[in-house]
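Peer 1:
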DNA sequence: TAATGATCATCT
DNA sequence: AGATGATCATTA
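Residue numbers (our numbering): 17 to 245.
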C-alpha cells in the first residue's frame with residue numbers, strides 16, 4: 017500500500033486511480049486533511065463540499081467548476097458518499113442540474129445524467145453526524161458502472177421526469193416523483209430564480225432544480241458490489 | 001451567474 | 001428515522 021501524496025498529478029490510468037483510492041481507505045479525514053495541507057473544519061455547516069474537495073485533492077482530480085468528469089482522460093466521475101456504521105448512505109447524491117428549458121429533443125442516451133453516471137468512483141465515508149469531520153473515516157472505494165437493471169431504472173425515472181419538464185411542469189415537480197432518481201431544489205437559496213416556460217408557454221421564474229439519486233439506490237449498489245453475490 | 005462540491009434543517 | 005425542501009462555499 018502506498019502512502020497518500022498531498023497533491024498528486026491526475027492519475028494516468030484507472031489502475032493508478034484505484035490504487036490511490038484504496039490507499040486512502042482506513043484513514044480518517046483529520047489525517048488526510050493534514051496530509052493535504054488543508055484546514056479541517058469543526059463541522060460542515062458552512063463547508064458542505066469539504067469532504068468531496070479533500071478527496072478530489074488527494075486523488076488528483078481537477079479542482080474547479082468545469083462541466084467535465086473529475087477524471088476526463090479516464091471518463092470517471094468521483095463521488096464521496098456519507099454512510100453510517102453499517103455502510104448505509106446517509107444522504108441522497110447530487111448528479112446534475114436540471115435545466116429549466118430546452119428539453120425538446122433531449123434523450124436519455126445523450127443526457128448529462130447518463131454521462132455523469134456512466135462510470136462513478138464511489139468513496140464511502142463513515143460520516144454519521146455525531147462524528148466531527150476529522151473523525152470521519154474513508155472506506156473501501158467502489159468503481160461502478162450501472163448494470164442493465166440499474167440503468168433501466170434510471171432511464172425510466174429520467175424519461176418520466178423530463179417529460180414533465182418538457183410539458184412545462186418544472187415548478188410543479190416535487191421530490192416525490194421518481195423511484196431512484198428525483199428532482200430537488202439546487203440553489204444557493206430560495207431567492208435564486210431561473211426562467212422556465214409553464215404549460216401555457218408563459219415565462220415564469222422558478223427555483224433551480226437538480227437530479228439526485230435516492231439513498232436507497234446508492235445503498236443497493238453498494239450492497240450488490242460488496243455482498244457475497 | 002452558473003458550475004463545481006454536497007449537507008443542513010425541518011417536517012412528517 | 002427517513003425524506004423533502006433549503007441552503008453554503010468556492011471557482012471561472
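Positions of the beta carbon are idealized from the N, C-alpha and C atoms, including for glycine.
Please work out which residues of its chain come closer than 6 Å, Cβ to Cβ, to residue 180, disregarding the five sequence neighbours upstream and downstream, and give them in chain order.
Peer 2: 189
Peer 1: Tell me whether residue 234 is buried or exposed, calling it buried when 16 or more other Cβ atoms sit within 10 Å of its Cβ.
Peer 2: Buried, because 16 or more other Cβ atoms sit within 10 Å of the Cβ of residue 234.
Peer 1: Secondary structure at residue 200, three-state DSSP: helix, strand or coil?
Peer 2: strand
Peer 1: Return helix, strand or coil for residue 76, following the three-state DSSP convention.
Peer 2: coil
Peer 1: State buried or exposed for residue 194, treating a residue as buried only when at least 16 other CB atoms are found within 10 Å of its CB.
Peer 2: It counts as buried.
Peer 1: Can you list, in chain order, the residues of its chain with a C-beta nearer than 7 Å to that of residue 182? Leave out the 5 residues immediately preceding and following it.
Peer 2: 119, 120
Peer 1: Say whether the stretch 70–88 touches the stretch 44–62, bearing in mind that this needs 3 or more beta-carbon pairs closer than 8 Å, one atom from each stretch.
Peer 2: Yes, they touch.
Peer 1: Could you tell me whether the stretch 161–173 touches the stretch 139–153, where touching means 3 or more Cβ pairs closer than 8 Å?
Peer 2: no
Peer 1: What ranges does the beta strand (DSSP E) occupy inside the stretch 40–115, keeping only unbroken runs of at least 3 residues that lie completely in it?
Peer 2: 93–99, 109–114
Peer 1: Assign residue 19 to one of three DSSP states: helix, strand, or coil.
Peer 2: Reduced to three states, the DSSP call for residue 19 is coil.
Peer 1: Using only the alpha-carbon positions, how far apart do residue 34 and residue 42 sit?
Peer 2: 15 Å
Peer 1: Would you kindly work out how many angstroms separate the C-alpha atoms of residue 40 and residue 217, rounded to a whole number?
Peer 2: 51 Å
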